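Written out below as structure tokens is the structure these notes cover.
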Amino acid sequence: MDLDPVLLARIQFAANITFHILFPTITIALGWMLLFMRWRWLKTNQRPWLTAYRFWTKVFALTFALGVVSGITMSFQFGTNWPGFMEKVGNIAGPLLGFEVLTAFFLEATFLGVMLFGHGRVSERIHMLATFLVAFGTTMSAFWILVLNSWMQTPVGYEIIDGEFHVTSWLEIIFNPSFPWRFAHMLLASFLTMSFLVAGVSAWQVLRRKANPSSAVALRAALTLAALLIPVQIVVGDMHGLNTLQHQPQKIAAIEGVWETEKGAPLLLFALPNEAERRNDFAIGIPKMASFILTHEWDGELKGLNEFENHPPVKPLFFGFRIMVAVGTMMLLVSWVGCWILRRHGWQPERAPRWLIASIAGMTFSGWVATVAGWYVTEIGRQPWIVQGLIKTADVASSTPAPYIALTLAGYLITYAALIACYIGVLRYMAEKPSDTYDPAPTGGAAVLGGAQLARKAGEA
Amino acid sequence: MTWAEFLPVIFMGLMGLSMFLYVVLDGFDLGVGMLLHRANDSQKDMMIASIGPFWDANETWLVLGVGILLIAFPKAHGVVMTALYLPIALMLIGLILRGVAFDFRVKAQDTHKPLWNRGFFIGSTVTSVAQGWMLGRFITGFAEGAVYDLFALAIAIALPCAYVLMGASWLVLKTDGELQRRAAQWGRTALIPVIIGMGLISLATPWVSSTVAERWFSLPQLIGLLPIPFATFACFVALWWTLSGTRALGTLCWLPFILTIGVFLMGGLGLAYSLYPYVVMDRITIWQAASSTAALNLILAGCAFTVPAILGYTLFAHRVFWGKATELRYG
Numbered sequence: 006m007d008l009d010p011v012l013l014a015r016i017q018f019a020a021n022i023t024f025h026i027l028f029p030t031i032t033i034a035l036g037w038m039l040l041f042m043r044w045r046w047l048k049t050n051q052r053p054w055l056t057a058y059r060f061w062t063k064v065f066a067l068t069f070a071l072g073v074v075s076g077i078t079m080s081f082q083f084g085t086n087w088p089g090f091m092e093k094v095g096n097i098a099g100p101l102l103g104f105e106v107l108t109a110f111f112l113e114a115t116f117l118g119v120m121l122f123g124h125g126r127v128s129e130r131i132h133m134l135a136t137f138l139v140a141f142g143t144t145m146s147a148f149w150i151l152v153l154n155s156w157m158q159t160p161v162g163y164e165i166i167d168g169e170f171h172v173t174s175w176l177e178i179i180f181n182p183s184f185p186w187r188f189a190h191m192l193l194a195s196f197l198t199m200s201f202l203v204a205g206v207s208a209w210q211v212l213r214r215k216a217n218p219s220s221a222v223a224l225r226a227a228l229t230l231a232a233l234l235i236p237v238q239i240v241v242g243d244m245h246g247l248n249t250l251q252h253q254p255q256k257i258a259a260i261e262g263v264w265e266t267e268k269g270a271p272l273l274l275f276a277l278p279n280e281a282e283r284r285n286d287f288a289i290g291i292p293k294m295a296s297f298i299l300t301h302e303w304d305g306e307l308k309g310l311n312e313f314e315n316h317p318p319v320k321p322l323f324f325g326f327r328i329m330v331a332v333g334t335m336m337l338l339v340s341w342v343g344c345w346i347l348r349r350h351g352w353q354p355e356r357a358p359r360w361l362i363a364s365i366a367g368m369t370f371s372g373w374v375a376t377v378a379g380w381y382v383t384e385i386g387r388q389p390w391i392v393q394g395l396i397k398t399a400d401v402a403s404s405t406p407a408p409y410i411a412l413t414l415a416g417y418l419i420t421y422a423a424l425i426a427c428y429i430g431v432l433r434y435m436a437e438k439p440s441d442t443y444d445p446a447p448t449g450g451a452a453v454l455g456g457a458q459l460a461r462k463a464g465e466a
Numbered sequence: 328m329t330w331a332e333f334l335p336v337i338f339m340g341l342m343g344l345s346m347f348l349y350v351v352l353d354g355f356d357l358g359v360g361m362l363l364h365r366a367n368d369s370q371k372d373m374m375i376a377s378i379g380p381f382w383d384a385n386e387t388w389l390v391l392g393v394g395i396l397l398i399a400f401p402k403a404h405g406v407v408m409t410a411l412y413l414p415i416a417l418m419l420i421g422l423i424l425r426g427v428a429f430d431f432r433v434k435a436q437d438t439h440k441p442l443w444n445r446g447f448f449i450g451s452t453v454t455s456v457a458q459g460w461m462l463g464r465f466i467t468g469f470a471e472g473a474v475y476d477l478f479a480l481a482i483a484i485a486l487p488c489a490y491v492l493m494g495a496s497w498l499v500l501k502t503d504g505e506l507q508r509r510a511a512q513w514g515r516t517a518l519i520p521v522i523i524g525m526g527l528i529s530l531a532t533p534w535v536s537s538t539v540a541e542r543w544f545s546l547p548q549l550i551g552l553l554p555i556p557f558a559t560f561a562c563f564v565a566l567w568w569t570l571s572g573t574r575a576l577g578t579l580c581w582l583p584f585i586l587t588i589g590v591f592l593m594g595g596l597g598l599a600y601s602l603y604p605y606v607v608m609d610r611i612t613i614w615q616a617a618s619s620t621a622a623l624n625l626i627l628a629g630c631a632f633t634v635p636a637i638l639g640y641t642l643f644a645h646r647v648f649w650g651k652a653t654e655l656r657y658g
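Protein sequence lines correspond, in order, to chains A and B.
Using this note's numbering, the letters of the first sequence correspond one by one to residues 6 to 466.
Using this note's numbering, the letters of the second sequence correspond one by one to residues 328 to 658.
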């Protein structure tokens, strides 16, 4: 069998980046949620908030570790898989990645130690500040990475001298046309993923009759947040789509399955794109709806794939997009119905109907599905280019022989599959553990010991 | 030397600093990992607790080092990464295993803990061996041949030993009682292969590379360079002395750690002198591989603010967890 090294390199990079994105998507927003829980505890002095903070801190630590190790893998795979990329666009991508490491990676990694284990060793204010810096660091990370990703989709602010890219305007590069929408879309995706994770795990605890006092408050905070954010996400997603239509129309054509340019294109609910004969089989759609959504006119013209010499493969985009939208719709339904019913039961999940709690628990990892599907749409939608319209992916691939790539790919895949299984397994184990194992009932009033007290306690032990 | 010519030199220095900090900081994490299976259960917990608040940040220096190679010397980055494809993949899997095992071992069921301990040990070992192999290949400029493979193999064994020495001296610093006593013994055991390994490398490097031989063994350079081997030798003698008996168990507990850093520093300086000005030995100089002056200027401006800040808050984190390690509790 002949293995295509470029395809293998792409699969390997895609596997790693897919694995990686699962964890930052949680930690970016979870950092802010922890800050919120911590603040609520300081403000209300209600114990469940501290219990929730302690539980989710452990989840944060675990998730963060998986994000770090897979992120390090990525920093190497830029070079091992796409050596030509840096040679050509190093002057632009280099500083962006550099600033990510310098302003974000170190910040989050260093203060994480203080945030996780420093309670009692530093003052309350410094500890709150450490928690803030971790949340801020993860968000800055997302900022720089999405700047680079967006620039690869909509490159501006450069000039090419002897095949090498040089910067003409950093401001244009950073605020490139697709960046604001992509950044907003991703941050919202992160908050939604985290909301459904927190709500889902809390619901799971209720469902398994392992609930502790923090389950109800965490469920309420997370589900309310989800219900508030999902409509915003739908609007931002739509704007992002219109932005893509303007800058990468071939991506939209593939998403909508428009093979030939047409006026009044239907919104396809289902179809089987047939790449060989360049048409859709078994198409079911709403007439003229796609034109209306994208051009705001019933008879608006949508450019078809026939207009583009190079266009992405249709199937992954067509289905990826529909999976994302379907999950988004379910998120809207579950969060709104959930909030409505739970409110009527005084936010006491034990009294709410069991089917509802089971639905919320079922949505625990829905954010992962939607996020990954969305990223596949936007990244595969850029192919065959690595920098849209300027550099082809195949031209920057490494000369590493296919068997090497296949061998290491197998190694990575086995590792990743095992780790995802372990992550979910341990999350479930932690959720079902009684809360007093990680949040012992306070003895003698103060829950937070001072440094001197701690030292004395250590001495006694 | 104009500014444009000087910039790549600065970045080589920065890359060297990051790699040195990585080797020292993650060196003790990896060393502790490789020693883990020799300890009993409560000692294992204490060993992990001693590195718990730091390992995430320590790993980040590797990202910065590779990042600078990627950012400042993009034309060498591809060559290096392609040549080291397999050991890099091996190291990454090791790093993944080590990192996740650290977090899983305290959160999973108690019955799974020994499994994660083993994962931590294997991950640390695989990472260290892969890094030694990479270093061995890198020093010779990725030259092909049985002699060069043998050389890489020797370093693949020597570097993990050096990490074990680092880990043991870290434990002498951060723990007390029975564990500290055993750590001093582990350190002394590791010392002999480290001395042999470093001696071999020092002799073999000029032998496999004529560039290095010329650079070291010509006058008057040789006289100026003599302090490096002498200082290394002095550190080794002092290490042997402090790790013997009970000398390092009291107020001198910081000494082995500082001396080991000294050994690494001398090794790093010697290596830097051998390599300069090449980023890939005998093939690509730092000026041939460098990014545009505009890009380097921008990153340098960023580094001027952020690197001191990073060093500052790293010190802050070490101060927060100053003194002997205690049981880690999430709070």
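The beta carbon of each residue, even a glycine, is placed where N, CA and C say it ideally should be.
Just so you know, these numbers come straight off a predicted model, no measurement behind them.
Under a three-way DSSP split, which group does aspartate 286 of chain A fall into? Against the first sequence, residue 286 of chain A aligns to sequence position 281. Three-state result, aspartate 286 of chain A: strand.
With 8 Å as the threshold, decide whether the Cβ of glutamine 458 of chain A is near any Cβ in chain B. Locating residue 458 of chain A in the first sequence gives position 453, where the first residue counts as 1. In this prediction, glutamine 458 of chain A scores a pLDDT of 43, lower than 50, which makes its location untrustworthy; the coordinate-derived value is nonetheless stated afterwards. Output row for glutamine 458 of chain A: interface = no.
What residue range is occupied by the uninterrupted beta strand (DSSP E) comprising histidine 171 of chain A? The residue labelled residue 171 of chain A in the question sits at position 166 within the first sequence. Its beta strand (DSSP E) spans residues 169-172.
CA nearest to the CA of lysine 501 of chain B, picked from B/Asn624, B/Pro380 and B/Leu341: The count along the second sequence starts at 1 and reaches residue 501 of chain B at position 174. The shortest C-alpha separation from lysine 501 of chain B is found at B/Pro380.
Please give me, in chain order, every unbroken run of the beta strand (DSSP E) with length at least 3 that falls completely inside the segment 600-642 of chain B. 605-607
Extent of the continuous alpha helix (DSSP H) to which leucine 470 of chain A belongs: What is shown of chain A runs 6 to 466, which leaves residue 470 of chain A out entirely.
Just to confirm the assignment: which complete beta strand (DSSP E) runs, minimum length 3, are found wholly within the segment 347-400 of chain B? none
Does the pairing of the segment 357-376 of chain A with the segment 267-276 of chain A give three or more beta-carbon distances under 8 Å? no
Take methionine 468 of chain A as the anchor and find which of A/Glu306, A/Arg283 and A/Ala331 has the nearest alpha-carbon. Because chain A in this structure spans residues 6 to 466, residue 468 of chain A falls outside the shown range and cannot be described.
Please return the same chain residues whose Cβ sits closer than 8 Å to the Cβ of threonine 266 of chain A, not counting the five positions on each side in sequence. Numbered from 1 along the first sequence, position 261 holds the residue referred to as residue 266 of chain A. Excluding positions up to five away in sequence, the list reads Glu306, Leu307, Lys308, Gly309, Asn311 and Glu312.
So, does the CB of isoleucine 613 of chain B fall closer than 8 Å to a CB anywhere in chain A? For the purposes of this step, residue 613 of chain B is taken as residue 286 along the second sequence, with counting starting at 1. So no, isoleucine 613 of chain B is outside the interface.
Using a Cβ-Cβ distance cut-off of 8 Å, determine whether glycine 405 of chain B contacts chain A. Mapped onto the second sequence, residue 405 of chain B falls at position 78. So, interface residue.
Can you give me, in chain order, the residues of the segment 116-134 of chain A that have a beta carbon less than 8 Å from any beta carbon in chain B? Phe116, Leu117, Gly118, Val119, Leu121, Phe122, Gly123, His124, Gly125, Arg126 and Val127
In the DSSP assignment, what are the bridge partners of histidine 124 of chain A? The count along the first sequence starts at 1 and reaches residue 124 of chain A at position 119. According to DSSP, which records beta bridges pairwise, histidine 124 of chain A is partnered with A/Val127.
At least one CB of chain B closer than 8 Å to the CB of glycine 142 of chain A: is that the case? Counted from its first residue, the first sequence places residue 142 of chain A at position 137. It does not: the Cβ of glycine 142 of chain A has no partner Cβ on chain B nearer than 8 Å.
Inspect the beta-carbon positions of glycine 372 of chain A and leucine 202 of chain A and report whether they are closer than 8 Å. Looking up residue 372 of chain A in the first sequence gives position 367. Looking up residue 202 of chain A in the first sequence gives position 197. It is a contact, given that the beta carbons lie within the stated cut-off.
Could you say which of A/Tyr443, A/Trp54 and A/Glu92 lies nearest to arginine 656 of chain B if we only look at CA atoms? For this step, residue 656 of chain B is matched to residue 329 along the second sequence. Answer by Cα proximity: A/Tyr443.
Under 7 Å, CB to CB, which of the residues in the segment 427-444 of chain A have a partner in chain B? Cys427, Val431, Tyr434, Met435 and Tyr443
Taking 6 Å as the limit between beta carbons, can you name the residues of its chain near arginine 15 of chain A, skipping five residues before and five after? Position 10 of the first sequence, counted from the first residue, corresponds to residue 15 of chain A. There are no such residues.
Interface residues of chain A around phenylalanine 381 of chain B at Cβ under 7 Å? Looking up residue 381 of chain B in the second sequence gives position 54. Going along chain A in sequence order, the residues near phenylalanine 381 of chain B (Cβ under 7 Å) are Gly118.
Pair within 8 Å by beta-carbon distance, glutamine 458 of chain B and leucine 477 of chain B: On the second sequence, residue 458 of chain B is found 131 positions in, with the first residue counted as 1. On the second sequence, residue 477 of chain B is found 150 positions in, with the first residue counted as 1. It is not a contact, given that the beta carbons lie outside the stated cut-off.
Count the other CB atoms, across all protein chains shown, that sit within 10 Å of the CB of glutamine 507 of chain B; report buried if there are 16 or more and exposed otherwise. The count along the second sequence starts at 1 and reaches residue 507 of chain B at position 180. Counting Cβ neighbours within 10 Å, glutamine 507 of chain B comes out buried, since at least 16 surround it.
Could you give the DSSP three-state label for alanine 457 of chain A: helix, strand or coil? Looking up residue 457 of chain A in the first sequence gives position 452. Residue placement at alanine 457 of chain A is poorly supported in this model, since its pLDDT is 43, which falls under 50; the coordinates still yield a value, given next. It is helical.
Since methionine 608 of chain B and threonine 467 of chain B are thought to touch, with beta carbons under 8 Å apart, how far apart are those beta carbons, to the nearest angstrom? For the purposes of this step, residue 608 of chain B is taken as the residue at position 281 of the second sequence. For the purposes of this step, residue 467 of chain B is taken as the residue at position 140 of the second sequence. Sure, about 6 Å apart at Cβ, within 8 Å.
Could one say the Cβ of valine 647 of chain B lies closer than 8 Å to chain A's Cβ atoms, at least one of them? For the purposes of this step, residue 647 of chain B is taken as the residue at position 320 of the second sequence. Yes - at least one Cβ of chain A is within 8 Å of the one on valine 647 of chain B.
Under 8 Å between the Cβ atoms of leucine 348 of chain B and tryptophan 388 of chain B? Position 21 of the second sequence holds residue 348 of chain B. Position 61 of the second sequence holds residue 388 of chain B. Cβ distance < 8 Å, so leucine 348 of chain B and tryptophan 388 of chain B count as in contact.
Cα-Cα separation between serine 195 of chain A and valine 339 of chain A, rounded to whole angstroms: Reading the first sequence from its first residue, position 190 is the one you call residue 195 of chain A. Reading the first sequence from its first residue, position 334 is the one you call residue 339 of chain A. Roughly 18 Å between the two C-alpha positions.
Grab me the residues of tryptophan 460 of chain B's own chain with a C-beta within less than 6 Å of its C-beta, minus the 5 sequence neighbours each way, in chain order. Walking along the second sequence from the start, residue 460 of chain B turns up at place 133. Pro414, Ala479 and Ala483, listed in sequence order.
Can you tell me whether DSSP reads tyrosine 163 of chain A as helix, strand or coil? Position 158 of the first sequence holds residue 163 of chain A. The answer is strand: DSSP assigns tyrosine 163 of chain A an E or B state.
With distance defined between alpha-carbon atoms, name the residue in A/Lys397, A/Ser207 and A/Gly290 nearest to phenylalanine 60 of chain A. Locating residue 60 of chain A in the first sequence gives position 55, counting from the first residue. Out of A/Lys397, A/Ser207 and A/Gly290, A/Ser207 has the C-alpha closest to the C-alpha of phenylalanine 60 of chain A.
I'd like the span of the alpha helix (DSSP H) that includes alanine 558 of chain B, first residue to last. In the second sequence, counting from the first residue as 1, residue 558 of chain B sits at position 231. Counting along the chain, the alpha helix (DSSP H) containing alanine 558 of chain B begins and ends at 554-570.
Should glutamine 458 of chain B be flagged as near chain A, meaning a C-beta pair shorter than 8 Å? Taking the first residue of the second sequence as position 1, residue 458 of chain B is located at position 131. Glutamine 458 of chain B does not count as touching chain A.
Can you round the beta-carbon distance between alanine 147 of chain A and methionine 199 of chain A to whole angstroms, since I take them to be within the 8 Å contact cut? For the purposes of this step, residue 147 of chain A is taken as the residue at position 142 of the first sequence. For the purposes of this step, residue 199 of chain A is taken as the residue at position 194 of the first sequence. About 13 Å; that fails the 8 Å criterion.
Using 7 Å as the cut-off, classify the Cβ of valine 263 of chain A as near or not near the heavy atoms of the ligand SAH, replying yes or no. No copy of the ligand SAH occurs in the structure displayed, which carries no ligand at all.
Residues near methionine 339 of chain B by beta carbon distance below 6 Å, same chain, minus five either side: For the purposes of this step, residue 339 of chain B is taken as residue 12 along the second sequence, with counting starting at 1. Contacts found: Ile613.
Bounding residues of the beta strand (DSSP E) (the contiguous stretch that carries phenylalanine 275 of chain A): Here residue 275 of chain A corresponds to residue number 270 of the first sequence, with the count starting at 1. Here the beta strand (DSSP E) through phenylalanine 275 of chain A covers 272-279.
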